[in-house]
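Only one structure is covered here, and it is reproduced in the block below.
Chains as they are written, first to last, in my numbering: chain A, 17 to 353; chain B, 17 to 353.
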C-alpha cells in the first residue's frame with residue numbers, strides 16, 4: 017500500500033473508502049459517524065442551536081503545543097463556547113495534497129480525535145478531497161460545529177448588554193500562539209521554548225455558565241489578537257475601551273521577542289484565550305472561578321468599558337501616557353490558524 | 017483598492033472586514049448572518065437535525081452550466097435532500113489564493129447567493145482564509161448544511177428498508193457533469209455544447225415527501241457516479257443490484273464522447289441527479305410526479321434489487337449479456353467537484 021495520499025484517495029472509489037474506514041471511522045469512532053451515510057442525523061436539540069465554521073490553513077502544520085488537527089478542533093469548539101453555547105458535534109472537511117504522508121495524516125487525525133474526545137464533542141460527518149501537488153500546502157481542514165444555547169446566553173456573542181464601567185478580563189498570557197508559530201517558521205533566527213496556547217475553552221467557560229456568572233460578552237482573540245477583537249467591538253457597538261498596559265499578561269519571552277522583531281503582543285494570535293466582558297461587580301467571582309482551572313491560572317482584568325472616546329480602543333501605557341490601539345490593517349503573520 | 021485578493025484579506029483586520037461587508041454580507045444578506053458574530057444562532061428545529069459537509073475543489077471553477085459557487089450550494093443542499101431532510105441553513109468556508117481576482121470572487125459569491133435564495137436556504141455564518149500564491153488553485157469552498165428531518169424519513173440515507181424486488185429510479189441523464197468538466201479542460205480536443213446538470217434537488221425530492229411516497233433509499237451519484245453509489249450500497253448492505261443498459265438515460269453526446277475517450281457514463285459524476293430505491297408498486301407514482309418537474313422530465317427506472325449475486329452490481333447489456341459493474345478504484349477525472 018502507498019505511504020502517501022494519492023489522487024485516487026479523493027476519487028470516491030475504493031481508495032476513498034479505505035481511507036475513511038482505516039483513518040476516520042477508526043479514530044473518530046461513534047455511532048452517528050458509523051452510520052456511514054452522507055449526512056449525520058442528530059437528536060432534536062434542547063434549545064436553540066449555534067452553528068460556526070472555520071478553515072484551518074496554519075503553516076507549519078506542526079508547532080510546539082499542537083498541530084493543525086488539534087487546532088481545527090479547538091478553534092471551532094472555542095467559537096461555540098465563547099458564544100455561550102455547549103459544543104456538541106463537529107463536521108470535518110479535509111483538503112489533502114497529493115503526496116501528503118499518510119503517517120502525517122494519521123497523526124493529525126489522532127490529534128483531532130483525542131482533542132474532541134477530551135472536550136466531550138463528537139465528530140459525526142465528514143468529506144475528503146485530494147488536489148494535485150502544489151495546489152495545497154499539505155492539508156487544509158474545515159471544521160463546522162454545532163452547539164446548544166440557552167436563550168439567556170444569546171446576547172453573549174453580540175455584546176448588546178455591554179455597559180460603561182464593565183470589566184474586561186482575559187484568562188491568561190497573550191500572544192503565545194502567534195509567537196510559537198513565528199519561532200517555528202524561523203528556527204535559526206529565534207530560539208525559544210514557547211508553546212502555543214492551543215486548547216479547548218469549553219470547560220473553563222462552562223464553569224462560569226454553571227455558576228450563573230453574569231457575562232455580557234465573550235470572544236476568542238485568535239487572528240488579529242486582543243487588539244482585533246477590541247477594535248471590532250468598539251467600532252460595531254460604538255464603545256470606548258480602555259486597557260492598561262501594566263495589566264496585560266505577556267510572557268517575558270513573548271514581550272522580548274516582540275521588542276526585537278517589532279511586533280506587538282496585542283495583535284498576535286491566541287488559540288486558548290477568551291476575552292470576557294462582565295459587570296464590574298462580577299469580575300472577582302469570575303476571576304476566582306477561572307484561577308482554579310489550569311487554563312485560567314493567570315486570569316486577570318486588563319481594562320474596562322469607558323464613557324469616553326467612543327469607538328476607540330485606548331491603552332494607558334506603563335509610563336502613564338495614552339496610546340491609541342489601531343485596528344489592524346495587515347497581518348504580521350499570515351496563516352496563523 | 018486592489019482588484020485581487022491579498023494576504024491582508026485573510027488577516028482578520030480591516031481588509032477582512034471590508035471583504036465580509038462588501039461581498040458576503042451584501043449578497044448573502046439575512047438577519048442571522050447580519051448579526052456579524054462568530055457563530056449563528058438558529059431557532060430550535062422542529063424535529064431532528066441533519067448535518068452534512070462538503071469541500072469543493074472543482075477545476076476549472078467555471079464550467080458550462082455552473083461554477084464552483086453554484087456547485088458548493090447545490091452539492092450540500094442535495095446531500096441533505098437525499099437524506100430525506102429539508103435543507104435550511106448553510107455555513108460557508110472560503111480558502112482563497114492570494115491574487116484571485118476580486119471580480120471572480122464576486123461572481124462566485126453571487127452565484128452562491130442566487131442558488132441558495134432560489135432553494136429557500138440561508139447562508140448564516142462563514143469564514144475566510146487567504147493562502148499564498150501556489151498554495152491553492154484560485155479558491156476552495158466548504159459548505160456545511162443543516163436540515164430538519166422527520167423521524168419517518170430517517171431510514172432513507174441508510175437504505176435499511178431496501179428489499180428484493182425494489183425498483184431503482186433516476187431523475188434523468190447521467191454523466192453530464194463529468195463530461196462537461198472534461199470538455200472544459202480540453203477545449204481543443206472536445207467540442208460540445210453539453211451543460212453540467214448542477215442543480216438543487218430539494219424541490220424535486222420535497223414533492224415526493226409531500227405526497228407521502230414510499231422511499232427506501234436516496235443518494236446523489238456525484239463523485240464515482242451511479243456505479244459508485246450502487247457498489248457502495250451493494251457492499252454495505254449485501255444487496256444484489258441489477259441494472260439494464262438499455263434503460264440508462266445517457267445523452268448521445270455523452271455516450272459518443274465516452275466511446276472515443278474510453279470512459280463509462282456509469283462512473284461519471286452527476287450534480288443534479290438522485291438515485292432512488294422504492295417498492296416496485298411505488299415506482300410509477302414517483303416517476304409521474306418527477307416527470308412534471310423540470311429536473312425530472314427524463315426520469316426512469318434503470319434497474320431493481322435482486323435476490324441473486326448478493327454484494328454485486330450486474331448490468332444486463334444491450335446485447336443480452338451480463339457485465340459486472342466493478343467498484344471504481346481510481347477516478348478518470350480528479351477534482352470533479
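Think of the CB as a built atom: it goes at the ideal place given N, C-alpha and C, for glycine as much as any other residue.
Nearest-angstrom Cα distance between residue i and residue j?
i                      : j                      : result
residue 48 of chain B  : residue 104 of chain B : 12 Å
residue 23 of chain B  : residue 233 of chain A : 29 Å
residue 239 of chain A : residue 284 of chain A : 7 Å
residue 222 of chain A : residue 215 of chain A : 14 Å
residue 53 of chain A  : residue 203 of chain B : 36 Å
residue 21 of chain B  : residue 114 of chain B : 5 Å
residue 85 of chain B  : residue 171 of chain A : 32 Å
residue 231 of chain A : residue 42 of chain A  : 39 Å
residue 169 of chain A : residue 344 of chain A : 29 Å
residue 98 of chain A  : residue 81 of chain A  : 22 Å
residue 164 of chain B : residue 130 of chain A : 30 Å
residue 190 of chain B : residue 332 of chain B : 17 Å
residue 218 of chain B : residue 32 of chain A  : 27 Å
residue 71 of chain B  : residue 290 of chain B : 20 Å
residue 338 of chain A : residue 329 of chain A : 10 Å
residue 101 of chain B : residue 225 of chain B : 10 Å
residue 250 of chain B : residue 292 of chain B : 14 Å
residue 173 of chain B : residue 69 of chain B  : 15 Å
residue 117 of chain B : residue 206 of chain B : 28 Å
residue 242 of chain A : residue 111 of chain B : 24 Å
Is there a Cβ from chain B that is less than 9 Å from the Cβ of residue i?
i                      : result
residue 308 of chain A : no
residue 344 of chain A : yes
residue 33 of chain A  : yes
residue 39 of chain A  : no
residue 351 of chain A : yes
residue 47 of chain A  : no
residue 96 of chain A  : yes
residue 23 of chain A  : yes
residue 108 of chain A : yes
residue 60 of chain A  : yes
When you compare the CB of residue i with every CB in chain A, is at least one pair closer than 9 Å?
i                      : result
residue 255 of chain B : no
residue 146 of chain B : yes
residue 79 of chain B  : no
residue 71 of chain B  : yes
residue 56 of chain B  : yes
residue 160 of chain B : yes
residue 51 of chain B  : yes
residue 150 of chain B : yes
residue 76 of chain B  : no
residue 180 of chain B : no
residue 221 of chain B : no
residue 118 of chain B : no
residue 297 of chain B : no
residue 252 of chain B : yes
Using the Cβ count rule (16 or more neighbours within 10 Å means buried), how would you classify residue i?
i                      : result
residue 326 of chain B : exposed
residue 227 of chain B : exposed
residue 151 of chain B : buried
residue 29 of chain A  : buried
residue 166 of chain A : exposed
residue 179 of chain A : exposed
residue 149 of chain B : exposed
residue 145 of chain B : buried
On the DSSP bridge assignment, give the partners of residue i in chain order.
i                      : result
residue 317 of chain B : B/185
residue 283 of chain B : Looking at the DSSP assignment, residue 283 of chain B forms no beta bridge with any residue, so it has no partner.
residue 332 of chain B : B/260, B/338
residue 113 of chain B : B/147
residue 267 of chain A : DSSP lists no partner for residue 267 of chain A.
residue 83 of chain B  : B/78
Given 8 Å as the limit, tell me if residue i has its C-beta closer than that to any heavy atom belonging to the ligand ATP.
i                      : result
residue 182 of chain B : Absence of the ligand ATP from the depicted structure is noted, as is the absence of any ligand whatsoever, leaving it without description.
Taking 9 Å as the CB-CB limit, is residue i close to chain E?
i                      : result
residue 173 of chain A : Going by chain labels, chain E is absent from the structure shown, which instead holds the protein chains A and B.
The stretch 309-319 of chain A in contact with the stretch 257-266 of chain A per 3-pair CB rule at 8 Å: yes
The stretch 43-58 of chain A touching the stretch 54-66 of chain B, judged by at least three CB pairs closer than 8 Å: With the cut-off at 8 Å, the stretch 43-58 of chain A and the stretch 54-66 of chain B touch.
Measuring CB atoms only, is the stretch 33-53 of chain B touching the stretch 154-166 of chain B, in the sense that at least three cross pairs come out at less than 8 Å? By the C-beta criterion, the stretch 33-53 of chain B is judged not to be in contact with the stretch 154-166 of chain B, since fewer than 3 inter-stretch pairs fall below 8 Å.
Across the stretch 176-185 of chain A and the stretch 81-96 of chain B, are there enough close Cβ pairs to call them in contact, namely three or more that are closer than 8 Å? no
When you compare the stretch 306-316 of chain A with the stretch 249-260 of chain A, are there three or more beta-carbon pairs, one atom per stretch, that lie closer than 8 Å? no
Below 8 Å, can you find three or more Cβ-Cβ pairs linking the stretch 190-199 of chain B to the stretch 118-135 of chain B? no
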